[in-house]
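Here is the structure we will look at.
In the UniProt record's numbering, the protein residues as written are 1 to 349.
This is how it looks when you write it as structure tokens:
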């Protein structure tokens, strides 16, 4: 099959226009962020030089101008938040009270449907299992890694290997683990690592991703594999931040390794541990890529995000899809607020 450049020319032109627009917008913002502060800095420097030469008092900055200057830098962020977050959130909330075609108001019917439909109730149960297991297991493995790797001989190399899954996209990780869970017939050679281990031990190969509820737990393993590296990095930094004199005093008192862990390490890294658990919980509530790539939500593996996508874009049920989106937002919002308050307390402390 030959490539016809002339036939594809409009697509290339559209791509070129998009690149030009991207460079213009990003370049313009970077130029403003460079030129404007430089202009104010030079103006301020000129004022200071003039005051020093004339022997007069040093001019003070006016607070209103600082406020305008701060607003100038915040304005792009506020606009992007309004366009990309606030407006869509309001529109989605309104759509959740309307029918599938978004023409008639149906009140709370879409929210009642979520808890009345057996399949959707199963989706909520799956999401609950994800949120309960992933943050706890990933944080536990991250803590174990951080303690074991701390001050080890090959600490840097070990941390790099453990953190490596974080550099892989969720889609890529799901594809990797699909090969691990891959199944072939009894008479064929197994290409999946898990089935090959089972066969080598004398067992029968299984279609792991088709068996419910086992498949949900196998998908959770993928998320834990990714997030454990993040937990390890944060908790390892927290462990290294423990004052050396506290550790030395505990050792002089004859504290055992187990007592050192529970009485010194855990209380010291508690704020970091809370941040890790909350952050992973938020990421877990929004999980979509892993389920979509590994099972497409089939075989009772759907979660809220995948079901929201199915209802809105596959089945054309805009109202029900929007209701699931709003419900997901309501679940994430308390965690975000708690995270913000926790970080604020740490700064004040």
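Note that beta-carbon positions come from the ideal geometry of N, C-alpha and C, so glycine has one too.
Are the beta-carbon atoms belonging to residue i and residue j less than 8 Å from one another?
i	j	result
residue 173	residue 290	yes
residue 193	residue 180	yes
residue 316	residue 100	yes
residue 219	residue 294	yes
residue 342	residue 276	no
residue 321	residue 106	no
residue 188	residue 199	no
residue 285	residue 331	yes
residue 264	residue 336	no
residue 278	residue 196	no
Can you tell me which residues form a DSSP beta bridge with residue i?
i	result
residue 14	Bridge partners of residue 14: none, in fact.
residue 105	98
Excluding the 5 residues flanking residue i on each side, which residues of the same chain have their C-beta closer than 8 Å to its C-beta?
i	result
residue 300	122, 126, 212, 213, 215, 216
residue 89	329
residue 1	With a pLDDT of only 48 at residue 1, under the threshold of 50, the placement of this residue in the model should not be trusted, and no figure is reported.
Using a Cβ-based criterion (distance less than 7 Å to any ligand heavy atom), does residue i qualify as near the ligand MN?
i	result
residue 259	The ligand content of the structure shown is nil, which means the ligand MN is not present either.
Where does the unbroken alpha helix (DSSP H) through residue i begin, and where does it stop?
i	result
residue 301	Counting along the chain, residue 301 falls outside any alpha helix (DSSP H), and DSSP gives it neither H nor E.
residue 153	It is not in any alpha helix (DSSP H) - residue 153 carries neither H nor E in the DSSP assignment.
residue 279	266-285
residue 168	From DSSP, residue 168 is part of no alpha helix (DSSP H); its letter is neither H nor E.
residue 433	Shown here, the chain extends from 1 to 349; a query on residue 433 therefore has no answer.
residue 338	318-348
residue 198	193-200
residue 290	289-294
residue 247	244-252
residue 312	Premise fails: residue 312 is in no alpha helix (DSSP H) and is neither H nor E.
residue 82	Run containing residue 82: none; DSSP gives neither H nor E here.
residue 257	257-260
Only counting the same chain, and skipping five residues up and downstream in sequence, which positions put a Cβ closer than 6 Å to that of residue i?
i	result
residue 146	232, 235, 236, 239
residue 19	none
residue 116	none
Keeping to the same chain, check which residues put their C-beta closer than 7 Å to that of residue i; ignore five residues upstream and five downstream.
i	result
residue 166	226, 229, 230
residue 287	130, 223, 303, 305
residue 30	none
residue 96	110, 319, 322, 323, 326
Can you tell me whether residue i is buried or exposed? The criterion is at least 16 other CB atoms within 10 Å of its CB, across all chains shown.
i	result
residue 345	exposed
residue 139	buried
residue 204	exposed
residue 77	exposed
residue 246	exposed
residue 103	exposed
residue 248	exposed
residue 208	buried
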